[in-house]
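Undergrad:
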Amino acid sequence: MDVIEAIKTRRSIRGYKPEPVPKEVLEEILETAIRSPSSLNTHPWEFTVVAGDVMEKIKQANIEKLNAGERPHLEEPRGEYTGIYRERQVALAVQLFQLMGITREDREKRMDWMKRGFRFFDAPAAIIISIDKEVGTGGQFDVGAVSQTIALVALSYGLGTCIMGQGIMYPDVIRKLTGIKESKLIVICLTIGYPDWDFPANEVYSAREPVGKITTWCGI
Ligand SMILES: Cc1cc2nc3c(=O)[nH]c(=O)nc-3n(C[C@H](O)[C@H](O)[C@H](O)COP(=O)(O)O)c2cc1C
48 MDVIEAIKTR RSIRGYKPEP VPKEVLEEIL ETAIRSPSSL NTHPWEFTVV AGDVMEKIKQ
108 ANIEKLNAGE RPHLEEPRGE YTGIYRERQV ALAVQLFQLM GITREDREKR MDWMKRGFRF
168 FDAPAAIIIS IDKEVGTGGQ FDVGAVSQTI ALVALSYGLG TCIMGQGIMY PDVIRKLTGI
228 KESKLIVICL TIGYPDWDFP ANEVYSAREP VGKITTWCGI
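Our numbering puts the first residue of the sequence shown at 48, with every later residue one more than the last.
#1: Spell out whether any CB of chain C is found under 8 Å from the CB atom of C236.
#2: Go to L237, then tell me how far its beta strand (DSSP E) extends in each direction, as first and last residue.
#3: How would you label F188, buried or exposed, when you count the other beta carbons within 10 angstroms and need 16 or more for buried?
#4: Give the C-beta separation of Y63 and D245 to the nearest angstrom, bearing in mind that I take them to be a contact with Cβ-Cβ under 8 Å.
#5: Heavy atom of ligand 1 less than 7 Å from the Cβ of V182, yes or no?
#6: Looking only at its chain, what residues have a beta carbon closer than 7 Å to the beta carbon of R57, apart from the 5 residues adjacent to it on each side?
#7: Examine ligand 1 and report whether any of its heavy atoms sits within less than 7 Å of the Cβ of S203.
#8: Count the other CB atoms, across all protein chains shown, that sit within 10 Å of the CB of P171; report buried if there are 16 or more and exposed otherwise.
#9: Is the closest heavy atom of ligand 1 to the C-beta of V251 under 7 Å?
#10: Rounded to whole angstroms, what's the CA-CA distance from G207 to S230? Just pull it up for me.
#11: Rounded to the nearest angstrom, what separates G240 and V220 at their Cα positions?
#12: Is it the case that the CB of R118 approaches a heavy atom of ligand 1 more closely than 7 Å?
#13: DSSP on E155, reduced to helix/strand/coil?
#14: Starting from F94, trace the beta strand (DSSP E) in both directions and tell me its first and last residue.
#15: So if DSSP puts D179 in a beta bridge, which residue, or which two residues, is it bridged to?
#16: Figure out for me which residue from G212, N88, T95, I131 has the closest Cα to the Cα of R255.
#17: Quick one, which of A98, I176, E93 has its alpha-carbon nearest D169's?
#18: K104: which of E122, T184, D159, F165 sits nearest, CA to CA?
#19: Please state if the CB of K70 and the CB of Y217 are separated by a distance shorter than 8 Å.
#20: I need the DSSP call for I174, collapsed to helix, strand or coil.
#21: So T89 is in the alpha helix (DSSP H); what residue range does that whole segment cover?
#22: Per DSSP, what are the beta-bridge partners of S83 in this structure?
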C-alpha cells in the first residue's frame, strides 16, 4: 500500500471480527515497525503482545475494577483537556455516539461504550508499549512514532488498530497478568484485529484543523 494512501485511510478501529491475528503476522508487523526513528536511536519501546486467555483475563479484571468504582488512570497522566482541545474531544464523542445510537441521557449505553474500551473494543489482540522508567517521559515521543508506524504497517495485512489508553488504565491488572515490571512505564497500547466494517463506530473519519490554520511559514 502506498504510504500516502495508508496515512489518509488509517482510522481508529473500535469494532473487530473475532478471528485471531496469527502470531507470525504480529511479529512481521513489529519487525517492520521497529524501523521507526527514535531520539539518539535509543528505541526505548518494549512490546507486550496480549491475546487469547491472557487478553480475556485482562478484559475481565478491567471490567471488575470499573464495576467496583476504582478510578482508572494512566501511569503518566495527561491532564484534563480544556478550550479548543476539549471541543475537539467532544466533537469526536458526538460523532461516535451518534453513529452508535447513544444519546446524552442514556447512562446505561454510555457505560456500555466505556466498558467496551476497557475490553479493548473486543479486539482479539493488543500491543502494549512500555519503556524503562529510567528513559524518562521523553521516551514517550519515540513510543508515539512507533505506534503510528505499527498502525500503518497493520493496514498492509488488512488489519485495523486503535491507539488507546483505556485498556491500560488499570496498570496493576496489566502488570499482574503480563509480568511487566515496576521498573517499566506502561505508556500506551494498540488494539489490533480484522475490522468489522459493519460496526457503526468504524465509520468515523475524524476531523482535523486545516494546515493553513496551524502552520506558520517563515522564509518560504
Ligand atoms: C495517545 C492516544 C490515546 C488514545 N486513547 C483512546 C482511548 O482510550 N479510547 C479511544 O476510543 N480512542 C483512543 N485514541 C484514539 C483517538 O481518539 C483517535 O486517534 C483520534 O480521535 C483521531 O481519530 P483517528 O485515529 O480515527 O484518525 C487514542 C489515541 C492516542 C494517540
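For every residue, glycine included, the Cβ atom is placed at its ideal position computed from N, Cα and C. Computed from a prediction, not measured in an experiment: that's the story for all the values here.
TA: Looking at the atomic coordinates:
#1: No chain C is part of this structure, which consists of one protein chain only.
#2: 231–240 is the extent of the beta strand (DSSP E) around L237.
#3: Around the beta carbon of F188, fewer than 16 other beta carbons sit within 10 angstroms, so the residue counts as exposed.
#4: The pair is not a contact, with the Cβ atoms about 11 Å apart (cut-off 8 Å).
#5: The answer is no for V182.
#6: A198, L199, L202
#7: no
#8: buried
#9: yes
#10: Each residue's alpha carbon lies about 31 Å from the other.
#11: 22 Å
#12: R118 Cβ: outside cutoff for every heavy atom of ligand 1.
#13: helix
#14: 93–98
#15: K231
#16: I131
#17: A98
#18: F165
#19: At least 8 Å separates the beta-carbon of Y217 from that of K70.
#20: strand
#21: From DSSP, T89 is part of no alpha helix (DSSP H); its letter is neither H nor E.
#22: Answer is none; S83 lacks a bridge partner.
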